[in-house]
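Trainee:
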Amino acid sequence: MRNSEAQLSSLLNQLAKRGWAIATDFLPSWVIRGLAEEADRLWRQGRFRPAGIGRGSGYQIRQDVRSDLIFWWDELTPTPIQRIYREEIDRLRQALNEALFLSLTEFEVHYAVFPPGAFYRRHRDRFLTADERMISCILYLNAAWDEADGGALRIYDPEGVAHDVVPRAGTFVLLRSDTVEHEVLPTRRERFSVTGWLRRRAREFRILLNVPE
1296 MRNSEAQLSS LLNQLAKRGW AIATDFLPSW VIRGLAEEAD RLWRQGRFRP
1346 AGIGRGSGYQ IRQDVRSDLI FWWDELTPTP IQRIYREEID RLRQALNEAL
1396 FLSLTEFEVH YAVFPPGAFY RRHRDRFLTA DERMISCILY LNAAWDEADG
1446 GALRIYDPEG VAHDVVPRAG TFVLLRSDTV EHEVLPTRRE RFSVTGWLRR
1496 RAREFRILLN VPE
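Numbers in the working numbering are just positions in the sequence shown, counted from 1, shifted up by 1295.
#1: Am I right that C1432 and W1492 are in contact with their C-beta atoms under 8 Å? What's the rounded C-beta distance?
#2: Taking 8 Å as the cut-off, decide whether the C-beta atoms of L1303 and L1387 are in contact.
#3: Give me, in chain order, the residues of the same chain whose beta-carbon lies closer than 7 Å to that of S1488; leave out the 5 immediate sequence neighbours on both sides.
#4: So, with DSSP's three-state summary, where would you put R1494?
#5: Indicate whether D1316 and L1448 have their beta-carbon atoms separated by less than 8 Å.
#6: At which residues does the beta strand (DSSP E) containing Y1406 begin and terminate?
#7: Under a Cβ-count criterion, where at least 16 other Cβ atoms within 10 Å of its own Cβ denotes burial, should V1456 be classed as buried or exposed?
#8: According to DSSP, is L1310 helix, strand or coil?
#9: Who are V1489's beta bridge partners in DSSP?
#10: In three-state DSSP terms, what is Q1302?
#11: Of the residues A1439, V1404 and D1369, which one's Cα is nearest the Cα of R1328?
#12: Name the one or two DSSP bridge partners that F1396 has.
#13: Are there 16 or more other CB atoms within 10 angstroms of the CB of Y1380, so buried, or fewer, so exposed?
#14: Roughly how many angstroms separate the alpha carbons of D1459 and P1345, rounded to a whole number?
#15: Under a three-way DSSP split, which group does P1345 fall into?
#16: Going by DSSP, name the residue or residues bridged to Q1355.
#17: Which same chain residues, not among the five before or five after E1442, have their C-beta less than 8 Å away from its C-beta?
#18: When burial is assigned at 16 or more other CB atoms within 10 Å of the CB, is L1371 buried or exposed?
#19: In chain order, what residues of the same chain have a beta carbon less than 6 Å from the beta carbon of R1419, not counting five sequence neighbours either side?
#20: Please state whether DSSP places W1368 in a helix, a strand or coil.
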């Protein structure tokens, strides 16, 4: 299974122009269903944990900032449906490196669920103390989602103008992790996504390997 060159070209052009990109047909419906079923099963099994903010000694759970729960994927033992998604993201990674010279090498990813009433305040995805995260990747898994269900992803452009993305199943979003501010508005029903980050090597390794900044 491979995304078309037209799909990739559209995503790359949007990302280069405005720092974020949207596609509604990035993956076939059977892959979306498979991921949604797996996420729902893990959620019902109690495998998700409250998400935090910060990293290292600065990590903390702040329900007043974000109230979603997450389940991290294991890179070494992916399930069959996770492997399919990773393969498509890796193809995207290669295209981003070729077109935008980003030196992306890694992908970290988790399922996220926002229960009714949950939200995530306005933020950027890159940590203040680390610059490895370059591109945020969000795939929504919610069938029959209506705008009245809430939970929109609100993206802010450099002028502060807000653009809302309804988290319907199959919608795929890319964001620059370092510059694009965004938030998740309060949701009125369970809201599932696959959320991940394409990363470059840590700064000390980039210096060692003489990788361009």
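Just so it is clear, CB atoms sit at the ideal spot from N, CA and C, and this is done for glycine as well.
Mentor: On the basis of the coordinates in this document:
#1: Translated into positions along the sequence shown, residue 1432 becomes position 137. Translated into positions along the sequence shown, residue 1492 becomes position 197. That belief holds up - the Cβ atoms of C1432 and W1492 are roughly 7 Å apart, short of 8 Å.
#2: What you label residue 1303 is simply residue 8 of the sequence shown in a count that begins at 1. What you label residue 1387 is simply residue 92 of the sequence shown in a count that begins at 1. Cβ distance < 8 Å, so L1303 and L1387 count as in contact.
#3: Residue numbering aside, residue 1488 sits at position 193 when the sequence shown is read from its first letter. Taken in chain order, the residues that qualify are A1407, I1433, L1434, Y1435, L1436 and P1462.
#4: Taking the sequence shown and counting its residues from 1, the one referred to as residue 1494 is at position 199. It is a strand residue.
#5: Position 21 of the sequence shown, counting from 1, holds the residue named residue 1316. Position 153 of the sequence shown, counting from 1, holds the residue named residue 1448. Position check: residue 1316 holds Ala in this sequence, whereas Asp was assumed. Remark: C-beta atoms of A1316 and L1448 do not approach each other more closely than 8 Å.
#6: Your numbering for residue 1406 matches position 111 in the sequence shown. Note, Y1406: beta strand (DSSP E), E1401 to F1409.
#7: Sequence index remark: in the sequence shown, residue 1456 carries index 161 (1-based). Around the beta carbon of V1456, fewer than 16 other beta carbons lie within 10 angstroms, which makes this residue exposed.
#8: Numbered from its first residue, the sequence shown carries residue 1310 at position 15. DSSP places L1310 within a helical segment (H, G or I) once states are collapsed to three.
#9: In the sequence shown, counting from the first residue as 1, residue 1489 sits at position 194. Among the bridge pairs identified by DSSP, V1489 is matched with Y1406 and L1434.
#10: Translated into positions along the sequence shown, residue 1302 becomes position 7. For Q1302, the secondary structure class from DSSP, reduced to helix, strand or coil, is helix.
#11: Sequence index remark: in the sequence shown, residue 1328 carries index 33 (1-based). Checking every option, the nearest Cα to that of R1328 belongs to A1439.
#12: Looking up residue 1396 in the sequence shown gives position 101. In the DSSP output, where bridge partners are listed per residue, F1396 has none listed.
#13: Position 85 of the sequence shown, counted from the first residue, corresponds to residue 1380. That one is buried.
#14: Stepping through the sequence shown from its first residue, residue 1459 is reached at position 164. Stepping through the sequence shown from its first residue, residue 1345 is reached at position 50. Cα to Cα, D1459 sits roughly 25 Å from P1345.
#15: Position 50 of the sequence shown, counted from the first residue, corresponds to residue 1345. Correct three-state label for P1345: strand.
#16: On the sequence shown, residue 1355 is found 60 positions in, with the first residue counted as 1. According to DSSP, Q1355 bridges with I1348.
#17: The residue given as residue 1442 occupies position 147 in the sequence shown. Result list for E1442: V1461, in chain order.
#18: As a working mapping, residue 1371 is identified with position 76 in the sequence shown. Exposed: under 16 other Cβ atoms inside 10 Å.
#19: As a working mapping, residue 1419 is identified with position 124 in the sequence shown. The beta carbon of R1419 sits closer than 6 Å to the beta carbons of E1476 from its chain, once the five residues preceding and following it are set aside; these are given in chain order.
#20: Stepping through the sequence shown from its first residue, residue 1368 is reached at position 73. W1368 carries a coil assignment under DSSP once its states are collapsed to helix, strand and coil.
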